Ligand SMILES: [Zn+2]
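Numbering (our numbering), first residue to last: 467 to 528.
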């Protein structure tokens with residue numbers, strides 16, 4: 467799947483309208499952050515979220 471590891475929503479690349487970095491990096495159409503990546507499942511998105519955006523003291527998982 468392709469998803470955004472900032473807002474943790476799944477991404478349909480056909481719906482992506484905005485790109486940055488000279489068109490190479492898609493912007494998430496949910497949150498407009500360039501955090502779109504291909505992952506195997508949502509748990510990998512959450513791991514990326516923790517890696518790039520996670521707070522040290524935020525261990526909560528819904
Ligand atoms: Zn997003």
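Don't be surprised by glycine CBs; every beta carbon is placed ideally from N, CA and C. All values derive from a computational prediction rather than experimental measurement.
For residue 521, the three-state secondary structure derived from DSSP is coil.
Secondary structure at residue 483: coil, using DSSP grouped into helix, strand and coil.
Going by C-alpha positions, residue 475 is about 6 Å away from residue 469. Nearest neighbour of residue 488 by Cα position, chosen from 495, 500, 515, 518, turns out to be 500.
Residues 493, 500 of the same chain have their beta carbon placed closer than 7 Å to that of residue 486, with the five preceding and five following residues left out of the count.
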